[in-house]
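**Q** So in numbering that gives the first Met the number 0, spot 76 of the sequence shown is number 75, and the numbers just go up one at a time. For every residue, glycine included, the Cβ atom is placed at its ideal position computed from N, Cα and C. Quick one: the structure is below, and I'll ask about it shortly.
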Amino acid sequence: MLDTVVNSRSNTNIKLNSVSGTLFKTHDKSFFIRFHLQSKMAEKILDPNPSMQISYKSTDCVVLQIMICGDMEVLVELVRQSDIEEAE
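So this is what it looks like as structure tokens:
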């Protein structure tokens with residue numbers, strides 16, 4: 000049997016520094032991709048001098064949202080540049 004006596008003198012503080020949230024699809028024709036922060040895709044998207052367009056599967060895309068979703072994993076919402084221009 001486990002000891003169930005609680006020491007009333009101890010004070011335990013638990014702090015969680017975490018980001019929680021939800022990504023919602025913000026464009027009808029957008030899509031989500033997931034990648035590791037040390038991947039080639041991360042180098043393209045997280046470039047210190049980024050361009051607005053990202054090439055994904057030989058198609059120019061625009062990043063709409065980005066969120067860390069685990070240990071060194073990122074979730075990104077992309078939309079094709081042509082789909083944005085079509086809506087304008």
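#1: Under DSSP, the beta strand (DSSP E) around M66 begins and ends at which residues?
#2: Can you tell me whether DSSP reads S81 as helix, strand or coil?
#3: Taking all protein chains shown into account, do 16 or more other C-beta atoms lie within 10 angstroms of the C-beta of S29, making it buried, or fewer, making it exposed?
#4: Who does S54 pair with in a DSSP beta bridge?
#5: Where does I44 land, buried or exposed, given buried means 16+ other C-beta within 10 angstroms?
#6: How should R33 be labelled, buried or exposed, when 16 other C-beta atoms within 10 angstroms of its C-beta is the threshold for buried?
#7: Rounded to a whole number of angstroms, what is the C-alpha to C-alpha distance between D2 and L74?
#8: Between which residues of its own chain and G20 is the CB-CB distance below 8 Å, once the five residues before and five after are set aside?
**A** With the structure as the only source:
#1: According to the DSSP assignment, M66 belongs to the beta strand (DSSP E) that extends over 58-67.
#2: Here S81 sits in helix by DSSP.
#3: So S29 ends up on the buried side.
#4: Beta-bridge pairing links S54 to D59.
#5: I44 is classed as buried because its beta carbon has at least 16 other beta carbons within 10 Å across all chains shown.
#6: Exposed, since its Cβ has fewer than 16 Cβ neighbours within 10 Å.
#7: Its pLDDT being 49, under 50, D2 is placed unreliably in this model, and the coordinates cannot settle the point.
#8: Around G20, the same chain offers M66 as residues with beta carbons nearer than 8 Å, after the five sequence neighbours per side are excluded.
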